[in-house]
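Chemist: Dropping the structure in here first, questions after.
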Amino acid sequence: MTIGPTPTSSPASAFSLVGRTALVTGARRGIGAAIAAGYAAAGAHLILMTRDAAIEDTLEAIKQHGGPDPTVVLADFADPAAVEATAVELAQQHTIDIVVNNAGTIRRSPAATTATADWQHVIDVNLNSTWAVTRPLGAAMAERGRGKIVTIASLLSFQGGITVPAYTASKHAVAGLTRALANEWGPAGVQVNAIAPGYISTDNTAELRADPDRERTIRERIPAGRWGRPEDVVGAAVFLASPAADYVNGHVLAVDGGWLAR
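Numbered by numbering that gives the first Met the number 0, the letters in the sequence shown go through residues 0 to 261 in order.
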């Protein structure tokens, strides 16, 4: 007896998200906005969970691909309890097939001078709110026997970094959580994976790019010879959310221009 979804009929349909509802957190700009637009292009209906209601640019990018207007839900990712309450409500109101945990933040300071409040803020946004979204929505997927969860990890899921102890700890934890949930929910037909972007031109890396020496040092180590763009992450995000990835589970996929190979 065969267990699992029926293979798709063509390579093109294997990457289609038509008929799927996808929740994307932190979709106002950067990687989250790019993934939301990419999912719309692949045919998905979008639910955008965002801290800031000013997401006109994201909505306009999604509109270019037609389909229904996205549902916008406000959430403060520094308040995991409130985020979980919102996620529970969404699980009751919608059949969500895909979750993308993209919301994240970074605070840079040496470990010796990192304030406990800064540590807690980063852990709450990057890890605790990821858990708060994933637990209720993933449990609902497992009950239905189908679903995809994609969390944005980092190169610092593999490395230590410099002056970002809370961020590194949170991204290592995200990679571990991805594997743990893949083990639990894989038998129920839910694939749980992560993407580890390399050095991407977003707000989180603005400080690095503003330092000419640091920018050059980073760029020269990337085999691709350039910083990544948010759009560079979209293909991997569509793949992991699509039927093409039905047998991919518990994986952290680096999209880094070759950084880890160096």
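Ideal Cβ positions, reconstructed from N, Cα and C, are used throughout, including at glycine. Since this is a predicted model, take the numbers as computed values, not measurements.
#1: Here's the rule I'm using: 16 or more other beta-carbon atoms within 10 Å means buried, otherwise exposed. How should Ala337 be labelled?
#2: Hey, is the segment 31-40 in contact with the segment 92-101, meaning 3+ C-beta pairs nearer than 8 angstroms?
#3: Quick check on DSSP: helix, strand or coil for Ala253?
#4: If you count every other CB in all the chains shown that lies within 10 Å of the CB of Gly18, and 16 or more means buried, which is it?
#5: Bridge partners for Gln190 per DSSP, in chain order?
#6: CB-CB under 6 angstroms to Gly42, same chain, minus the five flanking residues each way: which ones, in chain order?
#7: Give me the Cα-Cα distance between Arg213 and Arg228, rounded to the nearest whole angstrom.
#8: Ordered along the chain, which non-local residues of its own chain (more than five positions away) have a Cβ less than 6 angstroms from that of Ile95?
#9: Compare the beta carbon distance of Ala13 and Ala243 with 7 angstroms and say whether it is the shorter of the two.
#10: Using the C-alpha atoms, what's the distance from Ala152 back to Trp258?
Modeler: Quick answer:
#1: As displayed, the chain neither begins before 0 nor continues past 261, which places residue 337 out of reach and without an answer.
#2: yes
#3: strand
#4: exposed
#5: Lys147
#6: Ser15, Leu16 and Val17
#7: 18 angstroms
#8: Thr20, Leu22 and Leu136
#9: yes
#10: 15 angstroms
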